[in-house]
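Undergrad: Counting along the sequence shown from 1, when you hit position 65 you're at 65 in full-length UniProt numbering, and nothing is skipped either side.
First the structure, which I've put down as structure tokens, then a few questions once you've had a look.
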Amino acid sequence: MSLTIRPLHPTFAAEVSGVDFSKPLTDEVFQEIKSLDDDRHVAFASHFGELERRKDTGAASRMSLPELTDQGNIDADGNVISSNDPRAQISKGNTLFHVDSSFNSRRASYSILLAHEVPPSGGGGNTDFADTRAAWDDLAESWKQELVKNDYVAGHSFWHSRKKACPEFFAKLEPEKHPMSKHKVAQLHQASGRMNLFVPSHCHHIEGLEAGEGREKLEFLYRHATQDKFVVSVPWKEAGDLVMWDNTCTLHRGRRLLGFIRGI
């Protein structure tokens, strides 16, 4: 079985084709995607380790398995979610560069996003990725020395990123009153042996620093890591497209859909 790999960015990201995952996988060939249903999606993901299961909130879900999370804009009845719906307001946080589950003490290693329905060409909805290892390499030496010397730890909050993306809707929300996880700001990416910046939008504060000082540092590092030169934008071309990424060395965001259109 022949793989075709097409680079998408000078420092990271590639398009892989030539594997049909609708057929049983061998250990040698569990690399990419074509025509996955829910069961095979989960089976494929299981090759990479233990899967995170979504929390049961009691709300209706279109997902058939607890290992799958719905990232579309369609409700359980198949209707496009209104922009005024609280679910749409919460989802605005996904338009900020983030890392999946960094607000949990056990963060996600990999994410595998599969398209079931895509917007028409020009309808928006791209997924952008930022290379946080290249961002570290490009960081001023004084910043590198400060981050390594102080070994800063940031508090991560799901509700902080929601409020940051939609401050009017969440005006009364106080992230400080909700649980937060803690992760180092500068980290070694184990697989490559390279340092990288772990500064997703979920970062609320830096432990041990005055709130304003910590926020200023986090905002600077976030802006640095998400410069255009570190970012690749991936369009969704057709149902069955799948994108997989390493959450420990990238940030990502979903671009908004342009108009009242479907995207699953």
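Backbone N, C-alpha and C define an ideal beta-carbon position, used for all residues, glycine too.
Computed from a prediction, not measured in an experiment: that's the story for all the values here.
So what does DSSP say about W136, is it helix, strand or coil?
TA: Three-state result, W136: helix.
Undergrad: Relative to the alpha-carbon of E207, which residue among A239, E219, V243, V153 has its alpha-carbon at the smallest distance?
TA: E207 has its Cα closest to that of V153, out of A239, E219, V243, V153.
Undergrad: Taking residue 270 as the reference, give the member of L257, E141, G240, R253 with the closest Cα.
TA: With the chain running from 1 to 264 in the structure shown, residue 270 is simply not present.
Undergrad: Report the residue from G93, D100, L188, A115 whose alpha carbon sits nearest the alpha carbon of L51.
TA: D100
Undergrad: Could you tell me whether the Cβ atoms of G214 and T95 are closer together than 8 Å?
TA: no
Undergrad: Just list the residues that DSSP pairs F129 with in beta bridges.
TA: V232, H252
Undergrad: Between the C-alpha atoms of N104 and R40, what's the straight-line distance to the nearest angstrom?
TA: 26 Å
Undergrad: Take the Cβ of R106 as the centre, count every other Cβ of all protein chains shown within 10 Å, and call the residue buried at 16 or more, exposed below.
TA: exposed
Undergrad: Considering just the uninterrupted stretch of the beta strand (DSSP E) at A154, what are its terminal residues?
TA: It spans 153-156 - the beta strand (DSSP E) in which A154 sits, taken as one unbroken run.
Undergrad: Cα-Cα, which of D137, L221, P235 is closest to S121?
TA: P235
Undergrad: Let me know if L221 comes out buried or exposed under the rule of 16 or more other beta-carbons within 10 Å of its beta-carbon.
TA: buried
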